[in-house]
Amino acid sequence: MVMTGRRDSNLHKELNRYMPRAAAFGGMCIGATALTVLADLTVAIGSGTEILLGGTTLYHFLDTFYKQKATDP
Numbered sequence: 001m002v003m004t005g006r007r008d009s010n011l012h013k014e015l016n017r018y019m020p021r022a023a024a025f026g027g028m029c030i031g032a033t034a035l036t037v038l039a040d041l042t043v044a045i046g047s048g049t050e051i052l053l054g055g056t057t058l059y060h061f062l063d064t065f066y067k068q069k070a071t072d073p
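Residue 62 in my numbering sits at position 62 of the sequence shown, with consecutive numbering throughout.
As C-alpha cells, this is what we get:
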C-alpha cells in the first residue's frame, strides 16, 4: 500500500491515526441505520426516522447548552 507524500516506514503510524476514528464513525452510522430500520419494522413509539431525528435534535440542544454554560462567566 502506498500513500502519496508519506514514507513507507511511516505508513503504519499514519494509518493508526485515522483508522480508529473512521471505523468508529462507520460503526455508529451502521448502528443508527439498524436502529432506524428495526424501529420502523416494529412501529415502536413512532417511526425509526422520528426517533433518530429526535435524538439528534436533543444532542444538538445539549451540546449548545454546555458550550454556552462553559463560556458564560
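Ideal Cβ placement from N, Cα and C applies to all residues, glycine included.
Residues near residue i in its chain [Cβ-Cβ closer than 8 Å; skip 5 each side]
| i | result |
| --- | --- |
| Q68 | none |
Local conformation of residue i per DSSP, three classes
| i | result |
| --- | --- |
| T4 | coil |
| D72 | coil |
Nearest residue (CA-CA) to residue i, options the options
| i | options | result |
| --- | --- | --- |
| T55 | E14, A32, H12 and N16 | In the sequence under discussion, the amino acid at residue 55 is Gly, which differs from the Thr named in the question. The candidate whose alpha carbon is nearest that of G55 is A32. |
Close Cβ partners of residue i (< 7 Å) along its chain, the five nearest in sequence each way excluded
| i | result |
| --- | --- |
| R21 | none |
is_contact[residue i, chain B] using C-beta, thresh 8 Å
| i | result |
| --- | --- |
| L15 | Looking for chain B here will not work: only one protein chain is present. |
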